[in-house]
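A short worksheet on the structure shown next.
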Amino acid sequence: GPSLFAAEADPEIAQHIHALQDDDYHIRWQALEALGKLGPDAAPAVPALIDALGDDYCRFRAIHVLGQIGPAAAPAVPILVDRLTSTLADAGYQDRETEAAEIIRTLGNVGPSAKAALPVLRQALRDADSHIRYEAAHALGELGADAREAIPDLEAVLNDREYVGLYVYPYGQTVGEAAAQSLNKLRGKTPAGPLGGS
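Just so you know, the sequence shown maps onto residues -7 to 190 in my numbering.
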């Protein structure tokens, strides 16, 4: 709607977008931090954030900010899917686990518009790394009705009780618990209680 055009003229966002081109990666990093705090309001920065995915210093933060923006970051889905596919395939990449998990989380935050990620998310659910499986188990539930074909994949990991090495367990403590939540969403059942729909 018109709010997007109003946001495009926002001088603060324009300033951050400009800063993403700066030679000093500290300045680029600060711009990303500021955009992340704006959340969905930072939607006009999506094209610049897609460019920032090519920046080795700032890629991880740019992925995170796209996740903070959420559904409006849908234009980034194809490049995120490509990056996730190559990251999962690169066993020797030192940031494989953290980067793949962050991309998956961002795709989940984009939601149903990220349905192009379905094949690679189903693959990630079978990854050797429990952190990657955990994020994939959650993200599949965020894709909505289009992800229903992944129900058998999620059922297959319900008994995955491997400890996930994270400080926060937003979707339960095991891959299986995250998968159970997603299965409830995909089957259209929501748990009872005040947080039922969330």
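Glycine included, each C-beta is placed from N, C-alpha and C at the ideal position.
In this text the structure is predicted, and so the values were computed from the model without any measurement.
Are the beta-carbon atoms belonging to residue 105 and residue 137 less than 7 Å from one another? Not a contact, by the Cβ cut-off of 7 Å.
So residue 76 is in the alpha helix (DSSP H); what residue range does that whole segment cover? Counting along the chain, the alpha helix (DSSP H) containing residue 76 begins and ends at 69 to 81.
So, with DSSP's three-state summary, where would you put residue 53? helix
Report back the beta-carbon spacing between residue 195 and residue 68 to the nearest angstrom; my notes put them in contact at under 8 Å. Residue numbering for the chain in the displayed model covers -7 to 190; residue 195 lies beyond these limits and cannot be assessed.
Can you grab the Cα-Cα spacing for the pair residue -1 / residue 11, in whole Å? Confidence is the limiting factor: at residue -1 the pLDDT is only 48, short of 50, which leaves the residue's position unreliable and the question unanswerable from this model.
Assigned exposure category for residue 140 - 16 Cβ within 10 Å defines buried: exposed
Measuring only the C-alpha atoms, how far is residue 92 from residue 86? Their Cα atoms are separated by approximately 11 Å.
Taking buried to mean at least 16 other C-beta atoms within 10 Å of its own C-beta, is residue 186 buried or exposed? Per-residue confidence for residue 186 stands at a pLDDT of 49, beneath the threshold of 50, marking its modelled position as unreliable; the derived number appears in the next sentence. Exposed, because fewer than 16 other Cβ atoms sit within 10 Å of the Cβ of residue 186.
Tell me whether the segment 69 to 77 and the segment 25 to 33 touch, counting them as touching only if at least three CB pairs, one residue from each stretch, are closer than 8 Å. no
What is the rounded straight-line gap between the Cα of residue 156 and the Cα of residue 55? 21 Å
Helix, strand or coil for residue 102? Go by DSSP, reduced to three states. The answer is helix: DSSP assigns residue 102 an H, G or I state.
When burial is assigned at 16 or more other CB atoms within 10 Å of the CB, is residue 181 buried or exposed? Counting C-beta atoms within 10 angstroms of its own C-beta, residue 181 has fewer than 16 neighbours from the protein chains shown and is therefore classed as exposed.
Going straight from the alpha carbon of residue 90 to that of residue 3, what length do you get? 33 Å
Compute the Euclidean distance between the alpha carbons of residue 28 and residue 53, then round it to the nearest angstrom. 9 Å
Taking C-alpha atoms, which residue in 128, 165, 21 and 116 lies nearest to residue 153? 165
Which value, in whole angstroms, describes the spacing of the CA atoms of residue 76 and residue 121? 14 Å
So, is residue 96 buried or exposed, given that buried needs 16 or more other C-beta atoms within 10 angstroms? buried
Going by DSSP in three states, residue 17 sits in which element: helix, strand or coil? helix
Any idea what DSSP makes of residue 38, helix, strand or coil? helix
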